[in-house]
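For reference, the structure discussed in these notes is given below.
Chains as they are written, first to last, in the working numbering: chain E, 389 to 516; chain X, 17 to 558; chain A, 1126 to 1550.
The following block contains the structure:
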């Protein structure tokens, strides 16, 4: 995998935003791999940890804006899970917040690109 | 069992130029389980589609991967192509090599494209077919409430052929609606007689609900009336419990007879035996509660009526006039043309009782000075609140309310009359400060929503998209507590064990339950752990 | 037994919602749209979330458009207008004229080759706006060299799917439907009519809609010409509402102005934002709390300016009556945003004549009586959305659903054979 960033994209918000970014020809790092999920709340701890086990350098979880989750509270659960993952990873020596959660709307392609760029920066800063 | 995977690449009319399709084709053909790889330039057009169907049939392909544009764009289309070729539409996985690959990066993206296709193939290998089934639903509707919205909803539901029960807490229907009728100029009594005479409508007054269970298509409700409790099943539930108003006044002024509510003023205006007509009337709104759309309308209507009937001097104190409803601005203009004076203030005026009159001290923004008004009658500020029992009812039915306690979560993705639980709807004042026009729109909306669900007596829906394995379930109830749509229930299986079961009709396929189940008993078809992990494993293989 | 198909005129959010509700109830729908793309105005609105959703509902629109476009019961007819109507409820005959697109929607795969090879400047063939549906390229007759008499065939030759065809004439078609829903939306008030506010003359005077489009396309707010970040912004409310020509409140402007202001403050907390208003419309779900939060960081000034002038240094000078101070003041801003209101569509009059429905005094379509906001004076013709009067997105959605409801009831309920309630994943 070597330095890939795995992005779990909610099909209601992040996935269409990523598509829109492509339509607008907004460029972002090529090492992003998107996994489409029905809700950010469906992303399990084991999914995130497996990504690291397979060599991912960082993981993004992208869901709807706070208060606008299609499934009411999925994005809130995702946020908690991301915090928990970072804590677990720190305990095994993977420091520097390698998992990040971002909230966006389907018509916010710029936010998608910003999220990718930010996690790339965090990744570089922790030397991964 | 060996699956036969067919990969269909598309270069969108050769417009995708930063992917080496020849090399890609060669590489993905070597993935175990892949029977054939085809390259097309127009998969979504007639020619490409026909070639795809004949290839699927010829090679006996049972899992299809299309590498082209975004699934958001064409997934639905390709699912139908699979059905035309005799395959279940869910045995399909799409690799987005256009919007999220070719268009998103500069330079050659062949490496990423190959990986993305491998991810889709790994997923496709594990996909299971999804079937649809018709679920029978009960065709009766329960409407909570007996006011304007409830009565109208019942009448319209009856008209579309659905049997409706009106459940009213008070002894008679429409007790709060009389003033509304006189304010808005319609005849409430004809509506009442229509409702009472309608065979399709059952009216239960002095009744209340003591328990509610079940899901859409079969809500079981226990109703207590006259000391008796009966249980009945309904296909859908409509809440039309209205709102209440409370005077926003200092406690020492509450008993002052010259300070009244809008409703009291209405009654005074209708009273032919009124002894003394107030010569100066003050109105106040928009200070304690800025959700004052209804207060604005009531003030404008009452002010105009008082001008006409009594020729009183009228002063209105408010922060802003809320005219965001049909006809409101016209009413505001009419009121001012009639001589009603509006004083806009930033801070709430001080009210004191003064020698049988009411004194109002305020600072008007335009005059910039402190003004003092002594009036004979003050129509005080009213707070708009959810009606009594709203909180109890919402916890009985387990539905969310907004930050002010009115129904419906403020989530923008919920239709105006829908709740997060399928089959439960809200209309009218219980949703907040809706004016008459919006209430009527609500009623029409709810009628069609309920009609769509119940009229045919059954609902076609996908079966077992999310399934709990009774062998693994330990009935910890976590999934039941977590499900945002309240779609999971506890059922008894053979052997007497109680396990969680996902009710397909109510399920909205979000997968939150699957993620949280500590025993990993819940599987979300197409997004099972295996399918996600298989995609992750494909990353970095090249 | 009459025809149970329905024609929905207009594919803005209300039209789309009406079409979806009808389709879910088993009704076949023709969705007519005069432009080349569907979605109406609200399709170009931006997300105004800060760190929480600001409930502007702009994200609802692309979702619903996608649902409508793939629904098998909804047949989309773009570039189409109504020429003539005859018949009655249950049995209408509608003559439609479809303007040639020159690029076949069924064949265009949005590869972009045509734009690359077009020799005209500016290009005569281009993609629709990125959020547009159908995502089919557009050929502009006005700019196209071939339509100006030159011999040019380059785009057609290069199109890999043969989607471009020039020898096309407007197509006439007759539709048989049982009922019609008019959902033709609104026109944005043309701020140029208030000449003293400088829209169209000064580059840094924009409307609220301009701002929405800038946020959707750029993600950040930058001044149109200089590209710099504005540090001092003014919003002016009630431009084209609550005046002699518009005796109504447009209902959406206070909300969108405050939400845009909130977004600007969130992205650049040091930017100063001022809102000039008459009465602040803060009614509606959750909005008053929103206002409480922003009261501290945004300047609210009572009093609407009537004149904007550009200074020598390019700043915008706004003259207004500061009511609390009781005198005329002058303030300069980098950017002035005019909160333009909802005006009746200019085509409403023509459509009203063809359909035989009435217009109200304010120019919006009239309703049968005060207790119905969907029914017109003609049985079987209904109204949905802002063409009947100003509404925000949630109200437009509710109104669209209500129109579908009234339509189904008028058609006497539809055969229950083809009914379904499923949203497939």
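Where is the CB? At the ideal position from N, CA and C, for every residue including glycine.
*For residue 1554(A), collect the residues of the same chain with a Cβ closer than 8 angstroms to its Cβ; drop the 5 residues on either side in sequence, then sort them by chain order.*
Summary: the structure shown does not reach residue 1554(A), with chain A confined to residues 1126 through 1550, and so no result is reported for it.
*Neighbouring residues, chain X, relative to residue 502(E) (Cβ below 9 angstroms)*: Ordered by position in chain X, no residue passes the 9 angstroms Cβ test against residue 502(E), which lies about 14 angstroms from the chain.
_Cβ neighbour criterion (16 or more within 10 Å) applied to residue 413(E)_ = It counts as exposed.
*asked:* Please report whether the beta-carbon of residue 432(E) lies at a distance below 8 angstroms from any beta-carbon of chain A.
replied: no
*Excluding the 5 residues preceding and the 5 following residue 86(X) in the sequence, name in chain order all residues of the same chain whose CB lies nearer than 6 angstroms to its CB.*
112, 115
_Looking at the secondary structure, which residues open and close the alpha helix (DSSP H) in which residue 83(X) lies?_
Here residue 83(X) belongs to no alpha helix (DSSP H); instead the beta strand (DSSP E) covers 79-84.
_Residues of the region 476-502 of chain X with Cβ closer than 7 angstroms to any Cβ of chain E, in chain order_ = 500
_Using only the alpha-carbon positions, how far apart do residue 223(X) and residue 190(X) sit?_
For residue 223(X) and residue 190(X), the distance between alpha carbons rounds to 14 angstroms.
_Spatial distance of residue 1187(A) from residue 400(X) (CA atoms)_ = 34 angstroms
_Just verifying my parser: in three-state terms, what is the DSSP assignment at residue 1474(A)?_
helix
*Supposed contact pair residue 433(X) and residue 458(X) - C-beta distance, whole angstroms, cut 8 angstroms*: Sure, about 6 angstroms apart at Cβ, within 8 angstroms.
*asked:* Against chain X, which members of the region 1142-1175 of chain A pass a CB distance test of less than 7 angstroms?
replied: 1146, 1149, 1150
_DSSP has residue 474(X) in a bridge; who is on the other side?_
152(X)
*asked:* Can you tell me whether residue 475(E) is buried or exposed? The criterion is at least 16 other CB atoms within 10 Å of its CB, across all chains shown.
replied: exposed
*Is the CB of residue 543(X) under 8 angstroms away from at least one CB in chain E?*
yes
*Report all residues from its chain with a CB closer than 8 angstroms to the CB of residue 153(X); omit the five preceding and five following residues, and keep chain order.*
Excluding residues within five positions, the ones whose Cβ falls inside 8 angstroms are 232, 233, 234, 251, 469, 470, 473, 474, 475, 521.
*Are at least three pairs of beta-carbons, each pair with one atom in the region 1173-1191 of chain A and one in the region 1265-1280 of chain A, less than 8 angstroms apart?*
Flag = no, the region 1173-1191 of chain A and the region 1265-1280 of chain A do not touch.
_Closest by C-alpha distance to residue 466(X), when choosing among 40(X), 176(X), 61(X)_ = For residue 466(X), the nearest C-alpha among the options comes from 176(X).
*Cβ of residue 498(E) less than 8 angstroms from any chain X Cβ?*
no
*For residue 8(X), the first and last residue of its enclosing alpha helix (DSSP H)*: With chain X running from 17 to 558 in the structure shown, residue 8(X) is simply not present.
*Assigned secondary structure, residue 1533(A) (DSSP; H/G/I helix, E/B strand, else coil)*: helix
*asked:* Just to make sure I have the definition right: I need the residues of chain X whose C-beta is within less than 8 angstroms of the C-beta of residue 1407(A). Which are they?
replied: 306, 307, 336, 338
*Could you work out which residues of chain X lie near residue 427(E), taking near to mean beta carbons separated by less than 8 angstroms?*
Under the 8 angstroms cutoff, chain X gives 526, 527, 528.
*Starting from residue 416(E), find everything on chain X with Cβ-Cβ shorter than 9 angstroms and list it in chain order.*
120, 121
*Tell me the DSSP bridge mates of residue 1497(A)?*
According to DSSP, which records beta bridges pairwise, residue 1497(A) is partnered with nothing at all.
*Quick one: what does DSSP say residue 52(X) is sitting in, helix, strand or coil?*
strand
_Buried or exposed for residue 1436(A), going by 16 or more other Cβ atoms inside 10 Å?_
exposed
*For the alpha helix (DSSP H) that contains residue 90(X), what are its first and last residues?*
87-100
*When the Cα atoms are used, what is the spatial distance from residue 1148(A) to residue 1501(A)?*
22 angstroms
*Inspect the beta-carbon positions of residue 373(X) and residue 274(X) and report whether they are closer than 8 angstroms.*
yes
*List the residues of chain A whose Cβ lies closer than 8 angstroms to the Cβ of residue 461(E), in chain order.*
None at all; the shortest Cβ gap to chain A is about 13 angstroms.
_List, from N- to C-terminal side, the beta strand (DSSP E) runs of 3 residues or more that fit wholly inside the region 359-413 of chain X._
366-370, 373-379, 386-391, 393-395, 398-402
*Taking residue 1448(A) as the query, report the chain X residues whose CB atoms sit under 8 angstroms from its CB, ordered along the chain.*
Neighbours of residue 1448(A) across chain X, judged by C-beta separation under 8 angstroms: 381, 382, 384.
*Can you check whether the CB of residue 1163(A) is closer than 8 angstroms to the CB of residue 1132(A)?*
no
_Just to confirm before moving on: does the CB-CB distance between residue 1279(A) and residue 1243(A) stay below 8 angstroms?_
Taking a C-beta distance under 8 angstroms as the contact criterion, residue 1279(A) and residue 1243(A) qualify as a contact pair.
_Under 8 angstroms (Cβ pairs) to chain E, residues found in the region 421-449 of chain X_ = 425, 426, 427, 428, 429, 436
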